[in-house]
Amino acid sequence: MVANGNVTLQPATPELAGVVPDLLSATDPKLFSHLVGGRKDVLRAWISVLWAAPDNNFSHELAVVAVRDGDLLGLELGYPGSAKKSLGRRNGELSLELLDEETLANIRTTAHQGLGYFTPHVPDKSYYLMFLSVAEAARNQGVGSRLLDNAFERARAAGLKSVHLDVFEGNPARRLYERAGMKALVETRVPGLEHDHGIPPHHRMVLNL
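Residue numbers for the sequence shown follow my numbering, so the first one is -7 and each next one is one higher.
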């Protein structure tokens, strides 16, 4: 547990499943909305179950949260690149059990359109920062910087050599990443998703530790 003023960073818990879906989906809202056909109730239920479950890449086990007076201000979720494939596979297994056929068909179609290109390869000895999100009411108060610094420290403590993340074009969070020394490495455009569904290009950003 790390405290600074009245904001505390601490390990996440499954009990937060009811409040984290909006935080996670806010990191890439157009893409998440497209995956579930715009059905927010489906999206919230899907993320809630994945968050509470172990051994998948949306799990609370991988996250640190920022809280103040019992309120969730933001979160950071990441893991070593060496675990990315197995965690993603477990996510897929759980999703097959959770989602209706309409949503699964939509996800499959999006995958065929090039969804995977938005998340380029992550080296085994890197930390993949999959989610960093701050509640709207807590923005511009240094919460994002603390969570990002914590991700860097988690990576160093694990003996990893770099931190990778993906951010959509136009996301204001990119300024935070650039101030922390992260550099854009790859830009990915998927024309079908961009032109037909308004999903913007994505950028892989990297910091070598």
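Glycine included, each C-beta is placed from N, C-alpha and C at the ideal position. Keep in mind the model is a prediction, meaning the values are calculated, not measured.
Could you give the distance in angstroms between the alpha-carbon of V34 and the alpha-carbon of N142? Here residue 34 refers to the residue found at position 42 of the sequence shown. Here residue 142 refers to the residue found at position 150 of the sequence shown. Each residue's alpha carbon lies about 31 Å from the other.
Rounded to the nearest angstrom, how far is the Cβ of M122 from that of L69, given a contact under 8 Å? Start at 1 with the first residue of the sequence shown, and residue 122 comes out as number 130. Start at 1 with the first residue of the sequence shown, and residue 69 comes out as number 77. Right, the Cβ-Cβ distance comes to about 5 Å (below 8 Å), so this counts as a contact.
Proximal residues to L64 (C-beta, below 7 Å), its chain only, five neighbours per side dropped: Numbered from its first residue, the sequence shown carries residue 64 at position 72. So the list reads L8, V11, V57 and A127, once near-sequence residues are dropped.
Alpha carbon to alpha carbon, what distance is there between S78 and H26? The residue given as residue 26 occupies position 34 in the sequence shown. The residue given as residue 78 occupies position 86 in the sequence shown. Rounded to whole angstroms, H26 to S78 spans 24 Å at the Cα level.
Considering only residues of the same chain and omitting the five flanking positions on each side of I175, which have a CB-CB separation below 8 Å? By one-based count along the sequence shown, residue 175 stands at place 183. First, the residue type needs correcting, since residue 175 is Lys and not Ile in the sequence shown. Excluding positions up to five away in sequence, the list reads M197, V198 and L199.
According to DSSP, is F110 part of a helix, a strand, or is it coil? Walking along the sequence shown from the start, residue 110 turns up at place 118. F110: helix per DSSP, three-state reduction.
Please list the segments of the beta strand (DSSP E) lying wholly inside the stretch 11 to 98, counting only runs of 3 or more residues, in order along the chain. You should have 55 to 60 and 63 to 72.
In chain order, what residues of the same chain lie with their CB nearer than 7 Å to the CB of N48, ignoring the 5 residues before and after it? Here residue 48 corresponds to residue number 56 of the sequence shown, with the count starting at 1. Closer than 7 Å at Cβ, skipping near neighbours: L42, L79, R82, N83 and L86.
Let me make sure I understand the geometry here. Which of S51, P193, E93 and A18 has the alpha-carbon closest to that of K76? The residue labelled residue 76 in the question sits at position 84 within the sequence shown. Each of S51, P193, E93 and A18 was checked against the Cα of K76, and the nearest Cα belongs to S51.
Cβ of K117 within 8 Å of Cβ of L152? On the sequence shown, residue 117 is found 125 positions in, with the first residue counted as 1. On the sequence shown, residue 152 is found 160 positions in, with the first residue counted as 1. For the pair K117 and L152, the CB atoms are nearer than the 8 Å cut-off.
Could you tell me whether the Cβ atoms of V182 and G134 are closer together than 8 Å? Taking the first residue of the sequence shown as 1, we reach residue 182 at position 190. Taking the first residue of the sequence shown as 1, we reach residue 134 at position 142. For V182 and G134, no; Cβs fall outside 8 Å.
Quick one: grab the DSSP three-state call for V126. Residue numbering aside, residue 126 sits at position 134 when the sequence shown is read from its first letter. Of the three classes helix, strand and coil, the one that applies to V126 here is strand, per DSSP.
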